[in-house]
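Read through the structure below, which is laid out as structure tokens, and then see the notes.
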Amino acid sequence: MLQVSQYEKQIKEAEQRLQMTTEKMSDAEENLRMATVGFNEGMIPSSTLEAAQTSWMQAHSEYIDAKIDVIMANTYLKKAVGNLQ
Numbered sequence: 032m033l034q035v036s037q038y039e040k041q042i043k044e045a046e047q048r049l050q051m052t053t054e055k056m057s058d059a060e061e062n063l064r065m066a067t068v069g070f071n072e073g074m075i076p077s078s079t080l081e082a083a084q085t086s087w088m089q090a091h092s093e094y095i096d097a098k099i100d101v102i103m104a105n106t107y108l109k110k111a112v113g114n115l116q
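So the mapping is simple: the numbering used here equals the position in the sequence shown, first residue as 1, plus 31.
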């Protein structure tokens, strides 16, 4: 029972992290879009575009990690309650 409770808590935490990283990724996508437009128009230097690309890559990586955490937490819970062989 203790394991089940711990895994349920892990699922909630992982889902919260996924929500936060989803929002962060959305912000990074918009920032990258704006930087790309600005660079193409000659208003923004390449270093700013590169920083936006780096930020997007980091946000995307964190989103993937969070998604994996949700999947793993759910898998561990299924195993703890006997729904996974």
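Backbone N, C-alpha and C fix where the C-beta goes; we use that ideal spot for every residue, glycine too. These numbers come from a predicted model, not from an experiment.
Inset, instruction - Could you round the C-beta distance between A82 and A59 to whole angstroms and report it? I think they count as a contact, below 8 Å. - result: Contact flag wrong, Cβ pair sits at about 11 Å.
Legend entry - Buried or exposed (CB count within 10 angstroms, at least 16 for buried), M56: buried
Legend entry - contact_flag[the region 41-53, the region 95-114] where n(CB pairs < 8 Å) is 3 or more: yes
Inset, instruction - Just mark E33 as buried or exposed, buried being the case when its beta carbon has 16 or more other beta carbons within 10 Å. - result: The sequence as given places Leu at residue 33; Glu does not occur at that position. Answer is exposed; the Cβ neighbour count stays below 16.
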